[in-house]
Amino acid sequence: PVLDALSQKFETILRKLRGQGVLTEANIAEALKEVRLALLEADVNFKVVKDFIERVRVKAVGQEVLQSLTPGHQVVKIVWEELGEMMGKEQAGLKLASVPPTIIMMVGLQGAGKTTTCGKLARWFKNQGRRVLLVAADPRRPAAGDQLSNLGASLGVDVHRADRVDATQRDVVQICREGTERGRDKGYDVVILDTGGRLHIDDELMHELVAVKQAVLPQEVLLVADAMTGQDAVSMAGQFDQQVGLTGVILTKTEGDARGGAVLSIRAVTGKPIKFLGVGEKLDALELFHPDRMASRILGMGDVLTLIEKAQETYSQEQAEVARKTLSGKTLTFDDFRDQIKQVNKLGSMEQILGMLPGGQRLRDMMNGDAMPDKEIGRIVAIIDSMTAQERRDHTLLNGSRKKRIARGSGTSVQEVNRLIKQFLSARKLVKAISGPGGRRNLLQALR
Ligand code: GDP
2 PVLDALSQKF ETILRKLRGQ GVLTEANIAE ALKEVRLALL EADVNFKVVK DFIERVRVKA
62 VGQEVLQSLT PGHQVVKIVW EELGEMMGKE QAGLKLASVP PTIIMMVGLQ GAGKTTTCGK
122 LARWFKNQGR RVLLVAADPR RPAAGDQLSN LGASLGVDVH RADRVDATQR DVVQICREGT
182 ERGRDKGYDV VILDTGGRLH IDDELMHELV AVKQAVLPQE VLLVADAMTG QDAVSMAGQF
242 DQQVGLTGVI LTKTEGDARG GAVLSIRAVT GKPIKFLGVG EKLDALELFH PDRMASRILG
302 MGDVLTLIEK AQETYSQEQA EVARKTLSGK TLTFDDFRDQ IKQVNKLGSM EQILGMLPGG
362 QRLRDMMNGD AMPDKEIGRI VAIIDSMTAQ ERRDHTLLNG SRKKRIARGS GTSVQEVNRL
422 IKQFLSARKL VKAISGPGGR RNLLQALR
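Counting from 2, one number per residue, gives the positions in the sequence shown under the UniProt record's numbering.
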């Protein structure tokens with residue numbers, strides 16, 4: 002799948018980050034070093050990576066993040082936002098003519114998938130109930146015209162074609178002009194021009210494309226580029242944009258593009274948005290490009306990230322409030338500790354909700370950084386319940402024989418009792434921080 006290799010790396014890096022209760026600038030710097038490497042290995046443009054890392058760093062070491070209850074998650078959220086930003090933030094959409102037909106000029110090098118993509122776009126528009134005319138505007142390569150005719154036939158879409166042997170630039174411009182005129186006269190909604198391709202960029206091609214553009218004044222000039230070529234696709238987009246002027250890019254063969262260098266850098270380098278992704282050879286293998294969804298995919302989060310955020314916010318605020326109220330100005334006892342743990346247990350129901358969503362298993366794994374597994378919570382409560390009221394108020398009473406008794410009573414082991422006491426003691430240390438207005442440290446963090 003798309004950007005798989007990158008996604009896997011991100012997952013590992015960010016899982017580590019999420020698992021850490023307390024983050025420092027050093028933790029974040031360390032994680033960002035790995036993120037940087039992952040992006041460079043994914044063949045993302047060097048400068049884009051540099052800017053990206055810097056933006057994430059500045060946001061992530063901000064006070065709100067470091068002092069939040071879930072700094073690891075906050076950093077992941079920032080990475081997500083900045084990835085989306087890098088790819089253009091919003092879905093770019095196609096500009097339609099106020100008076101039809103909308104003229105779409107497709108440009109690109111041979112083999113990138115231009116003709117196929119013309120067919121895919123024609124199908125996409127046709128499915129929206131629009132009448133489409135395809136124009137074969139590469140008269141030097143009759144085979145390309147045949148290919149487009151076949152695509153048109155299989156889609157039930159008309160193809161305008163005027164192959165000329167020994168065609169000149171004038172002929173190409175002429176064909177495109179005829180095509181758009183026919184589109185206008187015959188009431189088509191969309192005219193898609195499949196312009197000529199070359200093996201390499203050359204001046205002749207560029208002049209030809211500029212001439213066509215001036216002749217037909219298209220609403221969209223879309224570069225079709227092969228995502229697998231990585232930074233070559235990026236620099237090509239830059240050249241086409243400078244010389245012809247693009248409105249956007251369609252990246253093809255992205256389903257086999259595990260690295261994602263072009264998908265991630267094109268927008269940031271050229272300023273031109275990716276509008277669609279080609280995800281296979283078939284004509285239905287075309288997807289609108291959504292930067293935010295792509296960012297979610299890269300981070301292995303499906304499209305439910307917003308949901309987590311919301312849950313996270315509600316939970317954090319509530320939790321902090323309860324902790325502050327109950328613990329303010331007190332010395333923590335095992336009774337308080339148990340109450341807090343039970344409070345945390347409310348997340349259990351959130352875990353269940355997550356479990357119902359697509360990709361929920363993964364999300365649940367993510368949440369484990371914050372939510373204790375039900376079993377563990379049950380065990381803690383059982384251990385505390387097995388203590389006497391006196392023991393619950395004064396942990397120093399807990400000697401070896403008492404611990405043994407508690408372990409037996411709660412169906413646990415002395416080690417587990419010891420572990421709980423340790424957790425309890427570090428939690429107690431944190432209570433002061435929680436009760437102060439500036440201290441947004443959470444009990445949970447002490448438990449880790
Ligand atoms: P053109 O020379 O740019 O017009 O390229 P074609 O449209 O003839 O496509 C070249 C090859 O790329 C063909 O074999 C297409 O089936 C293939 N192709 C185009 N788009 C995609 C895509 O999104 N995924 C995959 N796997 N193949 C594609």
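We treat Cβ as the ideally placed atom computed from N, Cα and C, and that holds for glycine.
Minimum Cα-Cα distance from residue 271 among the listed residues 247, 261, 280, 292 corresponds to 247. By the neighbour-count criterion, in which 16 or more other beta carbons inside 10 Å mark a residue as buried, residue 19 falls on the buried side. Sequence-distant partners of residue 209 (beyond 5 residues in either direction) whose C-beta falls short of 7 Å from its own C-beta, in its chain, are 170, 173, 197. Between residue 250 and residue 275 the beta-carbon gap is near 5 Å, inside 8 Å, which marks them as a contact.
When secondary structure is reduced to three states using DSSP, residue 396 falls in the helix class.
Distance from residue 62 to residue 26 at the Cβ level is roughly 5 Å; contact confirmed, criterion being Cβ atoms closer than 8 Å. If the five residues before and after residue 262 are omitted, its C-beta is found closer than 7 Å to the C-beta atoms of 43, 44, 45, 231, 232, all from its own chain and listed in chain order.
Listed as beta-bridge partners of residue 162 by DSSP are 137. Two segments are said to touch when three or more pairs of C-beta atoms, one from each, lie closer than 8 Å; by this definition the region 126-144 touches the region 181-194.
Separation of residue 421 and residue 384 (C-alpha to C-alpha, rounded to the nearest whole angstrom) is 8 Å. Counting only residues of its own chain and dropping the five nearest sequence neighbours on each side, residue 260 has a CB closer than 8 Å to the CB of 4, 6, 7, 42, 43, 44, 231. In this structure, the CA atom of residue 105 is about 31 Å from the CA atom of residue 83. Under the three-state reduction of DSSP output, residue 223 falls in the strand class. Rounded to whole angstroms, the separation of the alpha carbons of residue 419 and residue 412 is 14 Å. Taking 7 Å as the cut-off, the C-beta of residue 262 does not count as close to any heavy atom of the ligand GDP. Counting only residues of its own chain and dropping the five nearest sequence neighbours on each side, residue 184 has a CB closer than 6 Å to the CB of 102, 134, 192.
For residue 282, the secondary structure class from DSSP, reduced to helix, strand or coil, is coil.
Proximity of the beta carbon of residue 146 to the ligand GDP is not indicated: no heavy atom of the ligand is located closer than 7 Å. Between residue 216 and residue 268 a beta carbon distance of about 29 Å is seen, past the 8 Å cut, so the two are scored as non-contacting. Taking the C-beta atoms as reference points, residue 176 is found nearer than 8 Å to residue 138. Between the ligand GDP and the CB of residue 173, the shortest heavy atom gap is not smaller than 7 Å. Burial is judged here by how many other beta carbons sit within 10 angstroms of a residue's own beta carbon; residue 203 has fewer than 16 and is exposed. Within its own chain, the residues whose Cβ lies closer than 8 Å to the Cβ of residue 66, once the five positions on either side in sequence are excluded, are 24, 60, 72, 75, 76, 79, listed in chain order. Counting along the chain, the unbroken beta strand (DSSP E) around residue 195 starts and ends at 191-196.
Taken through DSSP and simplified to helix, strand or coil, residue 334 comes out as coil. By the Cβ neighbour-count rule, residue 48 is exposed, with fewer than 16 other Cβ atoms within 10 Å of its own. By the neighbour-count definition (other C-beta atoms within 10 Å, threshold 16), residue 151 is an exposed residue. Here residue 390 is exposed. Its C-beta has fewer than 16 other C-beta atoms within 10 Å. DSSP lists 223 as the bridge partner or partners of residue 249. Distances taken from the Cβ of residue 117 to the heavy atoms of the ligand GDP include one shorter than 7 Å.
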